[in-house]
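At position 212 of the sequence shown the residue is numbered 224 (our numbering), and the sequence of numbers has no breaks.
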Amino acid sequence: MAYANSVFKDETKLDISYVPPRLIHRERELQLLNEFFSFILKAPGKMAQRVIIAGAVGTGKTALAQRFGADITRKAKTQNLNLGYIHVNCREYRGSLFLIMHHAVSAFYPNFPKRGFSSEELLKIFMQILDEQDFHVILTLDEFESLVEREGSEAVYKLTRLQETRLDKPQRLSLICILKNLSVLESLDPSSRSTLQSNIIKLDEYKESQLIDILNDRVKLAFKPFTVSENAVHLIAELATSEGGNARFAIELLWRAGKYADADGLSTVTPECVRRAV
Numbered sequence: 013m014a015y016a017n018s019v020f021k022d023e024t025k026l027d028i029s030y031v032p033p034r035l036i037h038r039e040r041e042l043q044l045l046n047e048f049f050s051f052i053l054k055a056p057g058k059m060a061q062r063v064i065i066a067g068a069v070g071t072g073k074t075a076l077a078q079r080f081g082a083d084i085t086r087k088a089k090t091q092n093l094n095l096g097y098i099h100v101n102c103r104e105y106r107g108s109l110f111l112i113m114h115h116a117v118s119a120f121y122p123n124f125p126k127r128g129f130s131s132e133e134l135l136k137i138f139m140q141i142l143d144e145q146d147f148h149v150i151l152t153l154d155e156f157e158s159l160v161e162r163e164g165s166e167a168v169y170k171l172t173r174l175q176e177t178r179l180d181k182p183q184r185l186s187l188i189c190i191l192k193n194l195s196v197l198e199s200l201d202p203s204s205r206s207t208l209q210s211n212i213i214k215l216d217e218y219k220e221s222q223l224i225d226i227l228n229d230r231v232k233l234a235f236k237p238f239t240v241s242e243n244a245v246h247l248i249a250e251l252a253t254s255e256g257g258n259a260r261f262a263i264e265l266l267w268r269a270g271k272y273a274d275a276d277g278l279s280t281v282t283p284e285c286v287r288r289a290v
């Protein structure tokens, strides 16, 4: 993409799906995830893990999980360990355990048939694939609320109790569940709820100073040098703080402000560009 007459050098670094190599102000939480799952690299197959990541919109839940997934699979590769990371947005799959597990199976067999199986059968097929290929998987269920609201305790029970039906076989499937509010778990029966509540990483809303750091990092990645004014960054951080410390809102606003600067032929993103972009 050419940026000859633009303030941008790579606007893809502001895309919602982009995961930066460094997660500013989420280092502690990333380290905690690494600790929770360290057994996979040290003693694969000996245990499975379930972790919940909870936090409001724009607190970096998805980016945290995806950064962790990319990092741990890279480490596993250096050890010749077959470890996969599968990230599924439950809402995109209508909160259906069948569709979620079909997506997981399709990661190994892209042309796997969409009919003729129950969700329980797909779970068993998935575990059979992992056994046959000597694979371990961390399955992240993003917007986990959708699955709970549609299928309730039954789906959670199937997922979390799966290993217990496998007797002495290796434990190959671990879960990360991402949700906005922990109160969703209250609708589950006590048994299902207890299997999920052991390890919870709660992400607090970003403070204004933290949003400034995050924005400055994205400015370096996405914009040409000296094309975004410090006042513009501070205004975006202030506005995003009023939106509940929402980093996603801040980054999208930064991108739109850059677009207004380009449209007006400006060489710098100013606070006025930000105001117009709101």
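Note that beta-carbon positions come from the ideal geometry of N, C-alpha and C, so glycine has one too.
Cβ-Cβ distances below 8 angstroms link Ala275 to nothing in the same chain once the five nearest sequence neighbours on each side are left out. Pairing Leu151 with Leu185 gives a Cβ-Cβ distance under 8 angstroms. In the displayed model, Lys214 falls within a strand according to three-state DSSP. Within the same chain, and ignoring the five residues on either side of Tyr272 in sequence, the residues whose Cβ sits closer than 7 angstroms to its Cβ are Cys285, Arg288, Ala289. Of the candidates Cys189, Asp229, Tyr218, Cys189 places its Cα closest to the Cα of Asp154. C-alpha of Asn258 to C-alpha of Leu278: approximately 27 angstroms in a straight line. In the three-state reduction of the DSSP assignment, Arg62 falls in the strand class, which pools E and B. In chain order, Ile98 place their CB closer than 6 angstroms to the CB of Ala119, counting only its own chain and leaving out the 5 sequence neighbours on each side. DSSP lists no bridge partner for Phe49.
In this structure, DSSP gives Phe138 a helical state, which the three-state scheme calls helix.
Its chain contains Ser131, Glu163, Ala167 as the residues whose beta carbon lies nearer than 6 angstroms to that of Leu109, once the 5 sequence neighbours on both sides are disregarded; these appear in chain order.
Rounded to the nearest whole angstrom, the C-alpha separation of Pro33 and Leu45 is 16 angstroms. Sixteen is the threshold: since fewer than 16 other Cβ atoms of the shown chains lie within 10 Å of the Cβ of Glu161, the residue is exposed.
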